[in-house]
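For the protein sequence lines, the chains are E and F, in the order given.
Numbering-wise, the numbering used here comes out as the position in the first sequence, counting from 1, plus 4.
Numbering-wise, the numbering used here comes out as the position in the second sequence, counting from 1, plus 575.
Below: the structure, in structure tokens.
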Amino acid sequence: NAGVMQNPRHLVRRRGQEARLRCSPMKGHSHVYWYRQLPEEGLKFMVYLQKENIIDESGMPKERFSAEFPKEGPSILRIQQVVRGDSAAYFCASSPQTMNTEAFFGQGTRLTVV
Amino acid sequence: GENVEQHPSTLSVQEGDSAVIKCTYSDSASNYFPWYKQELGKRPQLIIDIRSNVGEKKDQRIAVTLNKTAKHFSLHITETQPEDSAVYFCAAGLQGSQGNLIFGKGTKLSVKP
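What follows is the structure, given as structure tokens:
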């Protein structure tokens, strides 16, 4: 089991470009969570998805940010028209389809907007 | 929604001493409380968790206590070692398919040899 895989590990975008962050959950996990971590700060919940469904997006900014978890393929966090304030580490976590919310994190994608 | 407060934000101890990190939560429905350790530049990793039907759990040098009435839980590390130096995050969540985790802001623990 390769664990939660995120790519790319590092992503540099110019202001106004789009950023696409990918997350492949652990095998057998159907719950995916995205968190944002600013330097020297904690993990802020963004969105919780199950296959083909957004369960809770209460932490997502209302504009420019979107997330999906299709039936096939990885979960995608998409940031349109990036701004400098979007620079952060974005972590994905997954958990199994059980009554247990124990979550396993990926290595994160460090987004830098220049 | 849930809100998790974590204290202290930084903690420095001598090797061999104990370290205690405390968290409070606001949503009485939360019933799952994990602790994560994050080393510099790495992913958060689960080190111990506790569910609301238990008041205390121990795993070698690490223990967690939960007081549901007061809505607070604590991480205790005994006989600290330099490799315990990291940022520790507490979290609270709802067990079950609708749950997600809300994290505290983290405690930077430094263990001095």
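No residue lacks a Cβ here, since even glycine has one placed at the ideal position from N, Cα and C.
- Exclusion of the five residues before and after E/Q21 leaves V86 as the residues of its chain whose Cβ lies within less than 7 angstroms of its Cβ.
- Contact with chain F is absent for E/F73, since none of that chain's Cβ atoms lies less than 8 angstroms from the residue's Cβ.
- Where E/R26 is concerned, the enclosing beta strand (DSSP E) starts and stops at A23 to S28.
- Excluding the 5 residues flanking it on each side, E/R40 has same chain C-beta neighbours closer than 6 angstroms at K48, M50, A92 and Y94, in chain order.
- Its chain contains Q620, I622, A661 and Y663 as the residues whose beta carbon lies nearer than 6 angstroms to that of F/K612, once the 5 sequence neighbours on both sides are disregarded; these appear in chain order.
- Linking E/K31 to E/M9 through their CA atoms gives a straight-line distance of about 10 angstroms.
- Apart from sequence neighbours up to five positions away, the residues of its chain that approach E/F69 with a beta-carbon distance below 6 angstroms are I83, ordered along the chain.
- Within chain E, the residues F49 have their CB atoms less than 8 angstroms from the CB of F/I677, given in chain order.
- Proximity of E/F95 to chain F, defined by a Cβ-Cβ separation below 8 angstroms, is satisfied.
- The closest CA to that of E/V118, considering only E/R18, E/P29, E/C96 and E/V36, is found on E/R18.
- The beta carbon of E/Q111 sits closer than 7 angstroms to those of Q10 and R13, all from its chain and outside the five residues before and after it, given in chain order.
- For E/L81, same chain residues with a beta-carbon under 7 angstroms away, outside a window of 5 residues either side, are L25, W38, A71 and Y94 in chain order.
- Not flagged as an interface residue toward chain F: E/E61, since no C-beta distance is shorter than 8 angstroms.
- For F/P619, the nearest CB of chain E lies under 8 angstroms from its own CB, placing it at the interface with that chain.
- If you ignore the 5 residues before and after F/A604, its C-beta comes within less than 8 angstroms of the C-beta of L669, all in its own chain and listed in chain order.
- Contact check for F/H647 against F/T599 passes: the beta carbons are separated by less than 8 angstroms.
- The closest CA to that of F/K597, considering only F/G630, F/Q589, F/S584 and F/R618, is found on F/S584.
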